[in-house]
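Asks:
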Amino acid sequence: PKLQNAIATYYVGTPIDNTTVVNSVSLSWDFAQFNLQCCGAVGPSDFVAAKNWTRTNPYPPAAPLLVPFTCCPLGAAKSWTQLPTNLSSAANCAATSSGAYTVGCYDRLVSILATYKNYAMIVGIIVGVIEVLALVFALLLFRRKEDYDTL
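Residue numbers (the working numbering): 158 to 308.
1) First and last residue of the alpha helix (DSSP H) that includes Cys250?
2) Considering just the uninterrupted stretch of the alpha helix (DSSP H) at Phe191, what are its terminal residues?
3) At what residues does the alpha helix (DSSP H) containing Gln161 begin and finish?
4) Tell me whether Ala198 sits in a helix, a strand or coil according to DSSP, three-state version.
5) Between the alpha carbons of Val199 and Met278, how many angstroms are there, rounded?
Take a look at the structure:
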């Protein structure tokens with residue numbers, strides 16, 4: 158519910174051009190949706206409650222937007238630093254929500270983390286073993302120094 162409340166309270170829309178004013182919450186959701194290929198926290202219906210979003214569509218058809226442009230396939234390379242500038246290819250999808258991603262970003266992120274959890278555990282175990290070995294060698298060096306000092 159907190160993620161859905163964040164959309165309802167703070168989402169103001171996707172930046173269309175340099176004159177569009179957006180907040181960090183909107184930008185974060187747009188980057189997540191674009192890169193994870195998801196829509197909303199739980200699904201596209203999360204945007205129905207977005208009270209600060211004007212839903213203005215600058216592209217044909219002139220119908221108001223049902224979902225943000227980033228909920229639709231944009232055909233651009235994924236990037237965590239820059240959103241695509243040509244959003245017109247997603248105008249029909251955003252106005253009708255036909256073809257929009259149906260999976261919520263929370264579920265998508267959980268599935269990605271589940272996919273890579275074994276790799277993360279293996280890396281964690283390797284780092285732990287290296288730490289223990291470093292501690293053992295440090296103790297051996299310290300012990301050797303004490304033996305040297307007694308001579």
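Beta carbons are placed, not taken as given, at the ideal position from N, Cα and C, and that holds for glycine.
Replies: The structure says:
1) Within the sequence shown, the letter at position 93 stands for residue 250. Where Cys250 is concerned, the enclosing alpha helix (DSSP H) stretches over 248-253.
2) Numbered from its first residue, the sequence shown carries residue 191 at position 34. Taken as a continuous stretch (DSSP letters only), the alpha helix (DSSP H) holding Phe191 covers 181-193.
3) Within the sequence shown, numbered from 1, the residue matching residue 161 stands at position 4. Element bounds for Gln161: 159-167.
4) Locating residue 198 in the sequence shown gives position 41, where the first residue counts as 1. Three-state result, Ala198: coil.
5) What you label residue 199 is simply residue 42 of the sequence shown in a count that begins at 1. What you label residue 278 is simply residue 121 of the sequence shown in a count that begins at 1. Distance between the alpha carbons of Val199 and Met278: 27 Å.
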